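Engineer: One line per chain: the protein sequences are G and D, in this order. Numbering (this note's numbering) for the first sequence: 1 to 115. Numbering (this note's numbering) for the second sequence: 1001 to 1115. Note that CB positions come from ideal geometry on N, CA and C, so glycine has one too. Note that the structure is predicted; figures quoted are calculated from it, not measured. Got a structure for you, questions after.
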Amino acid sequence: KAGVTQTPRYLIKTRGQQVTLSCSPISGHRSVSWYQQTPGQGLQFLFEYFSETQRNKGNFPGRFSGRQFSNSRSEMNVSTLELGDSALYLCASSLVWTGGVYGYTFGSGTRLTVV
Amino acid sequence: GNSVTQMEGPVTLSEEAFLTINCTYTATGYPSLFWYVQYPGEGLQLLLKATKADDKGSNKGFEATYRKETTSFHLEKGSVQVSDSAVYFCALPLSQGGSQGNLIFGKGTKLSVKP
């Protein structure tokens, strides 16, 4: 079966612009989480969604937002981009919110570069 | 919330050498513990996990034992291969009762295995 699909794979944006990243979970998965990965801060939790409801949000400014659709696909948006937002953004999905026996499966990520 | 401290690398080993990557944690209760691996240009893959004290997680020759007395979850492999070259992350849920979709990760240990 298809894995977690993140689009686009690479993105270059200018400071001040906004960006939307997409994540299509594994078919049947209803829970989606997002992480930001940078060399300096490592992996940091952004959001967690289950059945279109945000369950948790990490310690990020309000410029970072997300949502989940009825088909479980999720998007995250970053407004007023800053150079420090350059990162690999990872999405992960699971059948159930807690992760269950099989846990979360990660996508390959979207590499965002802000210039 | 919970926290994790992971041995930072890089670690360079010759093929067939023994590998240990140290991981210690601070947590309320007894959370599930995870090791993830990230190959170049890819997302994270769950390598192994342990859900309770004294559990041993194992996969692909890697092992880690959940030690509540020392609050540790060290990753070991008896004989590494070139194909094991990757970045390894120790992780646990960010908060007590938290889901596997809301994890706190160690800084990562980059392993390079030379032929």
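What are the residues of the segment 81 to 110 of chain G that lie near chain D, defined by any Cβ-Cβ distance shorter than 9 Å?
Structural biologist: Residues passing the 9 Å Cβ filter: 88, 90, 91, 92, 93, 94, 96, 97, 98, 99, 100, 102, 103, 104, 105, 106, 107, 108 and 109.
Engineer: According to DSSP, is residue 114 (chain G) part of a helix, a strand, or is it coil?
Structural biologist: Taking the first sequence and counting its residues from 1, the one referred to as residue 114 (chain G) is at position 114. Here residue 114 (chain G) sits in strand by DSSP.
Engineer: Across which residues does DSSP place residue 89 (chain G) in a beta bridge pair?
Structural biologist: On the first sequence, position 89 is the one that residue 89 (chain G) refers to. The partner list for residue 89 (chain G) (beta bridge, DSSP) reads G:36 and G:110.
Engineer: Measure how close the beta-carbons of residue 11 (chain G) and residue 110 (chain G) come, nearest whole angstrom, since I'm counting them as under 8 Å.
Structural biologist: Stepping through the first sequence from its first residue, residue 11 (chain G) is reached at position 11. Stepping through the first sequence from its first residue, residue 110 (chain G) is reached at position 110. Residue 11 (chain G) to residue 110 (chain G), Cβ: 6 Å. Contact.
Engineer: Start and end of the beta strand (DSSP E) containing residue 1005 (chain D)?
Structural biologist: Here residue 1005 (chain D) is taken as the residue at index 5 of the second sequence, counted from 1. Unbroken beta strand (DSSP E) run through residue 1005 (chain D): 1003 to 1006.
Engineer: Measure the alpha-carbon distance for residue 1087 (chain D) versus residue 1007 (chain D) and round it to whole angstroms.
Structural biologist: On the second sequence, position 87 is the one that residue 1087 (chain D) refers to. On the second sequence, position 7 is the one that residue 1007 (chain D) refers to. If I take the Cα positions, the gap works out to 12 Å.
Engineer: When you compare only the Cα positions, how much space is there between residue 1067 (chain D) and residue 1055 (chain D)?
Structural biologist: The residue given as residue 1067 (chain D) occupies position 67 in the second sequence. The residue given as residue 1055 (chain D) occupies position 55 in the second sequence. Straight-line Cα distance between these residues: approximately 8 Å.
Engineer: Quick check on this structure: which residue in D:1024, D:1004 and D:1017 has the alpha carbon closest to the alpha carbon of residue 1074 (chain D)?
Structural biologist: For the purposes of this step, residue 1074 (chain D) is identified with residue 74 of the second sequence, where counting begins at 1. Out of D:1024, D:1004 and D:1017, D:1024 has the C-alpha closest to the C-alpha of residue 1074 (chain D).
Engineer: If you count every other CB in all the chains shown that lies within 10 Å of the CB of residue 36 (chain G), and 16 or more means buried, which is it?
Structural biologist: Start at 1 with the first residue of the first sequence, and residue 36 (chain G) comes out as number 36. When all chains shown are included, residue 36 (chain G) counts as buried.
Engineer: By alpha-carbon positions, which one of G:113, G:98 and G:92 ends up nearest to residue 4 (chain G)?
Structural biologist: As a working note, residue 4 (chain G) is residue 4 in the first sequence. Comparing Cα positions, the closest option is G:92.
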